[in-house]
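Peer 1: Mind the numbering: the sequence shown is residues 7 to 158 in my numbering, read in order.
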Amino acid sequence: MNKTLGEAYSEIMDRVIEILKNECNEEGKLPEINRVIRGDRTRGVIKPPVLWVYQEQLTHEVITSRMEEWTLPLVLVAVYQSNDPEKGHINSTDIVDRARTIILRDRHLGGLSFVFDVKSGPFEPSSPLFSDKDGVYGAGAVLNIHFKIFRD
7 MNKTLGEAYS EIMDRVIEIL KNECNEEGKL PEINRVIRGD RTRGVIKPPV
57 LWVYQEQLTH EVITSRMEEW TLPLVLVAVY QSNDPEKGHI NSTDIVDRAR
107 TIILRDRHLG GLSFVFDVKS GPFEPSSPLF SDKDGVYGAG AVLNIHFKIF
157 RD
């Protein structure tokens, strides 16, 4: 299946957002999340707890005359607000861990035929660097999405 890098990127981001949003209900694994935010498309007031989803720079692994193999570092950040520092630390770390586990469940991201693997990357538990005077805590994880595109 031929597609541009931009098309593949958009499909991956849309699918990840969809997968996470489907878990943000009472029966899901992320019932406390108010909003899943695509980092490059956000407006308005953000009321924690929320999940941010954005990307780092894509890198190519293999490029031939017709095929390109890419890695998309997908960043998940859980933002949680609490006046209790221990609770803020624990909950923000737990939320991002559950979100990364949800995405890691399916190495093809729910049927994207051009995605061939999803692997863990760095994990950043909540730390004092992420807390602020308003009791907002953040924790992050990176997932490396590996995919191939073919050119005409």
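For each residue, glycine too, the CB sits at the ideal point set by N, CA and C.
Measure the CB-CB distance between Ile-109 and Val-124 and report whether it falls below 9 Å.
Peer 2: Yes, the Cβ-Cβ distance between Ile-109 and Val-124 is below 9 Å.
Peer 1: Counting Cβ pairs closer than 8 Å, one from the region 14 to 27 and one from the region 53 to 69, do we hit at least three?
Peer 2: The region 14 to 27 is in contact with the region 53 to 69.
Peer 1: Please return the same chain residues whose Cβ sits closer than 6 Å to the Cβ of Ala-84, not counting the five positions on each side in sequence.
Peer 2: Closer than 6 Å at Cβ, skipping near neighbours: Leu-57, Ser-98, Ile-101, Val-102 and Ala-145.
Peer 1: Where does Met-19 land, buried or exposed, given buried means 16+ other C-beta within 10 angstroms?
Peer 2: So Met-19 counts as buried.
Peer 1: Taking contact to mean 3 or more Cβ pairs, one atom from each stretch, closer than 8 Å, check whether the region 64 to 71 and the region 32 to 45 are in contact.
Peer 2: Counting Cβ pairs under 8 Å, fewer than three are found: no touch.
Peer 1: Which partner residues of Asp-123 appear in the DSSP bridge assignment?
Peer 2: DSSP lists His-152 as partners of Asp-123.
Peer 1: List the endpoints of the continuous beta strand (DSSP E) containing Thr-48.
Peer 2: Unbroken run through Thr-48: none, as it is neither H nor E.
Peer 1: Using the Cα positions of Asp-158 and Thr-77, report the straight-line distance between them to the nearest angstrom.
Peer 2: If you take the alpha carbons of Asp-158 and Thr-77, they lie about 21 Å apart.
Peer 1: Is the distance from the Cβ of Lys-154 to the Cβ of Met-73 below 9 Å?
Peer 2: Result yes, Cβ atoms of Lys-154 and Met-73 sit closer than 9 Å.
Peer 1: For Met-73, which beta-bridge partners are listed by DSSP?
Peer 2: Phe-156.
Peer 1: Kindly list the residues whose CB is nearer than 7 Å to the CB of His-114, restricted to its own chain and excluding five residues on each side of it in sequence; keep chain order.
Peer 2: For His-114, where only same-chain residues beyond five positions count, the Cβ hits under 7 Å are Val-121.
Peer 1: For Gln-61, which of Ser-16, Ser-132, Gly-50 and Glu-75 has the nearest alpha-carbon?
Peer 2: Ranking the options by Cα distance to Gln-61, first place goes to Ser-16.
Peer 1: So, helix, strand or coil for His-95, using DSSP?
Peer 2: In this structure, His-95 counts as helix in the three-state DSSP scheme.
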